[in-house]
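Asker:
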Amino acid sequence: MMELTRRATLATSAAVATVSIRPTHAATGKTYVLVHGAWHGGWCWREVAAKLRQAGHAVFTPTLAGMGERAHLMSPAVNLSTHAADIVNVIEWEELTDVILVGHSYSCHVISLVADRLKPRLRHLVFLDGTPAREAQAFIPAAAAAERRKTAREGYLLDPPPVTNLGIPDGHPQAAWVKRRMTAHTLNGVTEIVRFQNGGHAGVAKTFIRCTAGRAGQPDPVADMIKADPEWAWRTIDTGHDAMITAPDELSAMLLAIT
Amino acid sequence: MKRRDVFTAAVMGAATMAATAQAQSNPGKAKTYVLVHGAWHGGWCWRDVVTGLRAQGHTVFAPTLTGLGERVHLMSKSVNLSTHVTDVVNVFEFEELSDVILVGHSYAGHVIPLVADRIKARIRHLVFLDAVVAQDGKAFLPPGVGEERAKTARDGYLQDPPEVPWFGVPADHPNAAWVRRRLTPHPLPTLMEPVRFQNDGHAGLPKTYIRCLKRREMTEPDPMAVAYANNPDWTWLTLDTGHDAMVTMPKELTDMLGRIG
């Protein structure tokens, strides 16, 4: 993995250069790329992917490097740029255009960077219960990062939290599934400072979906920002953070409604 | 002419199938497929086959092996055959798949028997698509060949892709440009690592060999036919196309895979 950073750079710059595109997978449908959040993998989209495919759409659920079925590729070299390249390269190698790109939680940062790199290939961005990336900031503040590094396994691995922290009640029928599939997340994904080269997600149609269960009465500065910005549509689902697990029907319907 | 017809038919077929996906979907007969690409390729190469199988109502995964296709940014000298086996085993683990029809093309004929060796109980059928079938104790390349190739390989371990006719895709085929722009270098260590079975490899599993008849080396008799055509453990099928059948004959390949198991 020593060459990872250099190769990521090469792959990303190569991706931007390609313009020649062939017909997409589902000639009749839309194209969705669903990007999981921290500790998760492509596996978490199982039900949503099945529903979208059943409706005739092409769906990709890539797993970010070092997580889920890619856990054997974890190393300290894996960072936010790696994860952005993971998704940029899916769009590039599958030759996708007109993509509805969905990011959950941490991956709201990932898709912001993908938008920065491949804006013309995207039709709509969906931020599912996560904070959009901001220029020159990391996913977590520097002080919090320093604190977490002290206790991180091998100095960089964050073990999965209890599923209740993700809005999945302990007695939920899917709780055991999520518990046995979660893998460690890399601190280097959430501490890397975001550097946009093309205005980030600006100029792309965007929807924010807030999972509202358990949030009543709490301040929501992201909501205030998004509701004030005409580039954004604001939606809510009355469920916990892992809406693809606890509310796959509602979430799928919401994603299908995006044109 | 003929090639164009095949291509058009495949595209039209895929579109029609996608449109009627729900009508054709039959949960009682829905199967799970994992398709593993060969050297220089990625999950991308299965595009039309994935679309076709899903339109028939099946669950399909087409993972890309580490360092190839959209995983090119993860390439390093440490990527070997064991990495690629883990790539596929982990898809089974994390997607919690069982009763799988596992398909390997070309080089992946080395990957899928090792996957079978590790998680045999989860596999329903193995399909070798114009593949080199792994033999215990042997690497993909004969001894010394990998070392020789490494001398001229990029960065000492990366083999650049050959021209598309080498894969049985004619240079003027409608899909030739697609394949050409998506192929990525292949790491030599994957071809030099000897196969070590711990549980008799693919023994005991139902197996199909699909031979692509437009062979690069028209040696007679075909060594694969000698080994597998009249072998009671194997079903022998053929496609009248080149090595990259998923590119040049996706509709026929889809139908063939759909009938397995």
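Going down the list, the protein sequences come from chains W and C. Going left to right, the first sequence walks through residues 16 to 274 as this note's numbering numbers them. Going left to right, the second sequence walks through residues 6 to 266 as this note's numbering numbers them. C-beta atoms are modelled at their ideal positions from N, C-alpha and C, and glycine is treated no differently.
1) Which stretch, first to last residue, makes up the beta strand (DSSP E) that contains C:HIS110?
2) Under 8 Å between C-beta atoms, does W:ALA112 make it to chain C?
3) Grab the span of the beta strand (DSSP E) containing C:TYR233 for me, first residue to last.
4) Please confirm whether C:VAL96 has its beta-carbon closer than 8 Å to some beta-carbon of chain W.
5) Let me see if you follow: with CB-CB separation under 8 Å, is W:GLU18 close to chain C or not?
6) Could you check what DSSP says for C:HIS89 in three-state terms: helix, strand or coil?
7) Check whether the Cβ of C:GLY161 lies closer than 8 Å to any Cβ atom in chain W.
8) If you check the beta carbons only, do W:ALA151 and W:ALA160 fall under 8 Å apart?
9) Taking Cβ positions only, does C:GLY43 come closer than 8 Å to chain W?
10) Rounded to whole angstroms, what's the CA-CA distance from C:THR64 to C:GLY57? Just pull it up for me.
11) Considering just the uninterrupted stretch of the beta strand (DSSP E) at W:HIS51, what are its terminal residues?
12) W:HIS200 and W:ALA53 - do their beta-carbons sit closer together than 8 Å?
13) Starting from the beta carbon of W:TRP58, find every residue of chain C whose beta carbon is closer than 7 Å, and list them in chain order.
14) Residues of chain C with CB under 7 Å from W:GLY83, in chain order?
15) Let me know if C:GLY18 comes out buried or exposed under the rule of 16 or more other beta-carbons within 10 Å of its beta-carbon.
16) Where in the stretch 241–265 of chain C do unbroken runs of the alpha helix (DSSP H), each at least 4 residues long, occur, reported from the N-terminal end onward?
17) Secondary structure at C:LYS125, three-state DSSP: helix, strand or coil?
18) So is C:HIS78 in contact with chain W if we call contact Cβ pairs under 8 Å?
19) Of all Cβ atoms in chain W, is any one closer than 8 Å to the Cβ of C:ARG59?
20) Can you tell me whether C:TRP49 is helix, strand or coil according to DSSP?
21) Where does W:ARG132 land, buried or exposed, given buried means 16+ other C-beta within 10 angstroms?
22) Which residue marks the beginning of the alpha helix (DSSP H) containing W:LYS165, and which one marks its end?
23) Could you say which of W:ALA70, W:ALA73, W:HIS55 lies nearest to W:ALA80 if we only look at CA atoms?
24) Is the stretch 113–127 of chain W in contact with the stretch 136–143 of chain W, if contact means three or more CB pairs nearer than 8 Å?
25) Should C:GLY173 go down as buried or exposed, given a rule of 16 or more other Cβ atoms within 10 Å for buried?
26) Whose CA, out of C:ARG159, C:GLY114, C:PHE97, lies closest to the CA of C:PRO190?
27) Would you mind working out which of C:ALA181, C:LYS34, C:MET80 sits nearest C:LEU193, comparing C-alpha positions?
28) Determine the chain C residues that contact W:VAL105 at a beta-carbon separation under 7 Å, and present them in chain order.
29) How should C:VAL231 be labelled, buried or exposed, when 16 other C-beta atoms within 10 angstroms of its C-beta is the threshold for buried?
30) Got a sec? Which residues, its chain only, sit under 6 Å from C:ALA26 by beta carbon, not counting five neighbours each side?
31) Could you pull the DSSP bridge partners for W:ARG250 from this structure?
32) Whose Cβ in chain W lies nearer than 7 Å to the Cβ of C:GLY47?
33) With a 10 Å radius around its C-beta and 16 neighbouring C-beta atoms as the bar for buried, classify W:GLU169 as buried or exposed.
34) Between C:ALA155 and C:ARG76, what straight-line distance do the alpha-carbon atoms span, to the nearest angstrom?
35) If you check the beta carbons only, do W:THR46 and W:ASP113 fall under 8 Å apart?
36) Taking a Cβ distance cut-off of 9 Å, strictly less, list which residues of the stretch 174–189 of chain C are near chain W, in chain order.
Answerer: Short version:
1) Along the second sequence, read from residue 1 onward, the residue named residue 110 of chain C stands at position 105. 105–110 is the span of the beta strand (DSSP E), which, as asked, contains C:HIS110.
2) Taking the first residue of the first sequence as position 1, residue 112 of chain W is located at position 97. Per the sequence shown, residue 112 of chain W should be read as Thr rather than Ala. Cβ-Cβ to chain C under 8 Å: no for W:THR112.
3) Counting from 1 along the second sequence, the entry for residue 233 of chain C is found at position 228. Here C:TYR233 belongs to no beta strand (DSSP E); instead the alpha helix (DSSP H) covers 228–233.
4) Position 91 of the second sequence, counted from the start, is the residue given in the question as residue 96 of chain C. Closer than 8 Å to some Cβ of chain W, the Cβ of C:VAL96 qualifies, so yes.
5) By one-based count along the first sequence, residue 18 of chain W stands at place 3. No answer about W:GLU18 holds up, because its pLDDT of 41 lies below 50 and its placement is not dependable.
6) The residue you call residue 89 of chain C lines up with position 84 of the second sequence. The answer is helix: DSSP assigns C:HIS89 an H, G or I state.
7) Translated into positions along the second sequence, residue 161 of chain C becomes position 156. C:GLY161 does not count as touching chain W.
8) The residue labelled residue 151 of chain W in the question sits at position 136 within the first sequence. The residue labelled residue 160 of chain W in the question sits at position 145 within the first sequence. Cβ distance not < 8 Å, so W:ALA151 and W:ALA160 don't count as in contact.
9) In the second sequence, the residue the question calls residue 43 of chain C occupies position 38. For C:GLY43, the answer is no, since every Cβ of chain W falls outside 8 Å of its Cβ.
10) For the purposes of this step, residue 64 of chain C is taken as the residue at position 59 of the second sequence. For the purposes of this step, residue 57 of chain C is taken as the residue at position 52 of the second sequence. Roughly 11 Å separates the two Cα atoms.
11) Taking the first sequence and counting its residues from 1, the one referred to as residue 51 of chain W is at position 36. In the DSSP assignment, W:HIS51 falls outside any beta strand (DSSP E), carrying neither H nor E.
12) If you number the first sequence from 1, residue 53 of chain W lands on position 38. If you number the first sequence from 1, residue 200 of chain W lands on position 185. Closer than 8 Å, so yes.
13) What you label residue 58 of chain W is simply residue 43 of the first sequence in a count that begins at 1. By Cβ distance, chain C contributes PHE99, GLU100.
14) Position 68 of the first sequence, counted from the start, is the residue given in the question as residue 83 of chain W. Within 7 Å Cβ-Cβ: PHE99.
15) As a working note, residue 18 of chain C is residue 13 in the second sequence. Low confidence applies to C:GLY18: its pLDDT is 40, below 50, so where it sits in the model is not reliable, and the reading given next is rough at best. Buried: at least 16 other Cβ atoms inside 10 Å.
16) 250–253, 255–263
17) Translated into positions along the second sequence, residue 125 of chain C becomes position 120. In this structure, C:LYS125 counts as helix in the three-state DSSP scheme.
18) Indexing the second sequence from 1 puts residue 78 of chain C at position 73. So yes, C:HIS78 belongs to the interface.
19) What you label residue 59 of chain C is simply residue 54 of the second sequence in a count that begins at 1. Output row for C:ARG59: interface = yes.
20) One-based indexing of the second sequence puts residue 49 of chain C at position 44. C:TRP49: helix per DSSP, three-state reduction.
21) Residue numbering aside, residue 132 of chain W sits at position 117 when the first sequence is read from its first letter. Buried, by the Cβ-count rule.
22) If you number the first sequence from 1, residue 165 of chain W lands on position 150. Start and end: 157–166.
23) For the purposes of this step, residue 80 of chain W is taken as residue 65 along the first sequence, with counting starting at 1. For W:ALA80, the closest C-alpha among the options W:ALA70, W:ALA73, W:HIS55 is that of W:HIS55.
24) yes
25) Here residue 173 of chain C refers to the residue found at position 168 of the second sequence. Buried: at least 16 other Cβ atoms inside 10 Å.
26) The sequence position of residue 190 of chain C within the second sequence is 185, counting from 1. Selected option, being the one with the closest Cα: C:ARG159.
27) Counting from one through the second sequence, the residue named residue 193 of chain C turns up at place 188. Of the candidates C:ALA181, C:LYS34, C:MET80, the one whose C-alpha sits nearest the C-alpha of C:LEU193 is C:MET80.
28) Within the first sequence, the letter at position 90 stands for residue 105 of chain W. Annotation: Cβ neighbours of W:VAL105 in chain C (cutoff 7 Å, chain order): GLU75.
29) On the second sequence, position 226 is the one that residue 231 of chain C refers to. Looking at its Cβ environment, which holds fewer than 16 other Cβ atoms inside 10 Å, C:VAL231 is exposed.
30) Within the second sequence, the letter at position 21 stands for residue 26 of chain C. Unreliable placement is indicated for C:ALA26, whose pLDDT of 39 sits below 50; the coordinate value is still reported in the next sentence. Result list for C:ALA26: ALA60, in chain order.
31) Residue 250 of chain W sits at position 235 when you count from the first residue of the first sequence. Looking at the DSSP assignment, W:ARG250 forms a beta bridge with W:ILE224.
32) Working through the second sequence from its first residue, we reach residue 47 of chain C at position 42. Result: TRP108.
33) Taking the first sequence and counting its residues from 1, the one referred to as residue 169 of chain W is at position 154. Exposed is the call here.
34) Reading the second sequence from its first residue, position 150 is the one you call residue 155 of chain C. Reading the second sequence from its first residue, position 71 is the one you call residue 76 of chain C. Their backbone Cα atoms lie some 22 Å apart in a straight line.
35) Residue mapping note: residue 46 of chain W aligns to position 31 of the first sequence, counting from 1. Residue mapping note: residue 113 of chain W aligns to position 98 of the first sequence, counting from 1. Taking 8 Å as the Cβ cut-off, W:THR46 and W:ASP113 qualify as a contacting pair.
36) ASN180, ALA182, TRP183, ARG186, ARG187, THR189
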